[in-house]
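Undergrad: Residue numbers (my numbering): 72 to 117. C-beta atoms are modelled at their ideal positions from N, C-alpha and C, and glycine is treated no differently.
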């Protein structure tokens, strides 16, 4: 399972936006992947 797949699965229940931002800063998640996860969840009424 990739970091992106794990982030999609665990956000927001286990991983919050700060955790995802840490993954972006560490180079494990791209900015586009971050936006796809956070933006998609916000559009769904998060």
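To the nearest angstrom, report how far apart residue 82 and residue 99 are at their CA atoms.
TA: 15 Å
Undergrad: How would you call residue 104, buried or exposed, if buried means at least 16 neighbouring beta carbons within 10 angstroms?
TA: buried
Undergrad: Can you tell which of 93, 72 and 80 has its C-alpha closest to the C-alpha of residue 111?
TA: 80
Undergrad: Please check the pair residue 94 and residue 109, which I expect to be a contact at CB under 8 Å, by giving their CB distance rounded to whole angstroms.
TA: That belief does not hold up - the Cβ atoms of residue 94 and residue 109 are roughly 12 Å apart, past 8 Å.
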